[in-house]
Each structure stands twice: as C-alpha cells, then as structure tokens.
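Mapping of the sequence shown onto mature numbering (1 follows the signal peptide of the UniProt record, and there is no 0): residues -24 to -1, 1 to 177, in sequence order. For glycine and all other residues, C-beta sits at the position ideal for the given N, C-alpha and C. These figures come from a predicted structure and were not determined experimentally. Below: one structure, written as structure tokens.
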Amino acid sequence: MSLKQLCVLFVLACTSSIPGVTSAADLSVGGHIRMDGACSITLGNGGIFDFGNVSLTEIDQDSYSNSRDVPLTINCPSQTRIGVKAIDNRKESAAASRGFGVGNPAIGGYGIDPERNISEADGRKVYVIHRSGDYWYRTDDPTWWPSTTISWTANGLGPVAFRTMTTTLGVNVYLHDIRENMAHVDVLEIDGSATLELVYL
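Quick look at the structure:
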C-alpha cells in the first residue's frame, strides 16, 4: 500500500468518527486513464518513521534531534518520467516556515532528505533534482520542502524515465524548548504526517 493510500484511509476514518457535524458534505471524483497503467510508490516499514520513547533524562540540552531512514521504491509498468510531491498533512503545526509539522506547533518539526543513500533507476545511479516552475535543478542542500516536487536524473538535463527506482528516504526530526513544553504534561507526542504524491511528467 502506498503512503498516499494510507493517508486517504486515515482521513476517512477520522471523518466517519465525527457524527452530526453537518447535514451535507461535498466530495470530488478524479483520476486519469493511462494507456500504460499507473505507477506505484511504496515506503518500507509501512511509511512509519518511529522515534520510539525518549526519556527527558536522556536529553542533555533543551533540544532534541534524530533521524530515521526507510527504503522508497517506485514501480512503473513501462519507462515513465515521474516526480514526487511532498504534501504536509500537519502544515498548520509547522514551527518553521519551510519544515514539516509534527502535530504540535510549539515543539519543532522535521525535514525530509530524499537522497540519504544511492538512488538507482533500473540499476543505474541517478541523482535527485528539484523543480522550480518549468525548470529542474540540483542543489547541495538535499532537503525536500513541503509542496515541492522532486525527480531523478542521470545526466543533469532533466528527469529520467524508468520502470523501477529505489532509494532511501530520511526524516530528520528536531524539537526545541522541551522542558518548557513539558512543564504541565508528562508526554510530548510527535505526530507528523505527509503524503507523497506521484506526478507524471
């Protein structure tokens, strides 16, 4: 199951658990019929970056940062140029203007690194590129910001077509003012959520 599908199921579950909010609701139906079929995106570990339980006694200063990695795979039925857009489902809680939210605006956020390890498209090494309007570019800063689209290139001239792409996705979480935020609670919850959406180029 793709990360996008997981997020959609979660939203449906939350919606159905709030009865009587309104007497009507709107929905939209969309999609595309493609001659060559649809590509799929899969994250290892069910798309969960689990940072476990951290004791306050383990934190030397008033901040905390850590990272986790999971494999990412994109499969297409034929050679296809694909981009991936990151959508922050907790954007209202993002503490920084360019980071992803962790569900609590007071405690920090996280960044996504799409190039934590070697990326391969059909067995050949490729590199992450970022889109700005109609242009693609490489950058020394690998951070993948919310609502931006990335793809992969072999020669630096633009997205490469592939059937299978494998890479490692990293998440870097950063928390701050921990003791102040825990003055009246026993637990600070990290509850980030993002959707990775395939974009056909």
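- No Cβ-Cβ contact shorter than 8 Å links Ser127 with Arg155.
- Under the three-state reduction of DSSP, Ser54 is assigned to strand.
- Nearest neighbour of Asp98 by Cα position, chosen from Ala130, Gly109 and Asp117, turns out to be Ala130.
- Bounds of the beta strand (DSSP E) holding Asn148 are Ala137 to Leu151.
- For Gly134, the CB contacts under 6 Å within the same chain, skipping 5 residues up- and downstream, are Trp112 in chain order.
- Rounded to whole angstroms, the gap between the alpha carbons of Lys61 and Ile17 is 12 Å.
- Here Ala159 is exposed: its Cβ has fewer than 16 other Cβ atoms, across all protein chains shown, within 10 Å.
- For Leu164 against Ile83, the beta-carbon gap comes to about 6 Å, under 8 Å, which counts as contact.
- For Cys15, same chain residues with a beta-carbon under 7 Å away, outside a window of 5 residues either side, are Ile50, Asn51, Cys52, Thr56, Ile58 and Leu174 in chain order.
- The residues Val46, in chain order, have a CB closer than 7 Å to that of Asn21 in the same chain once the five nearest residues on each side in sequence are set aside.
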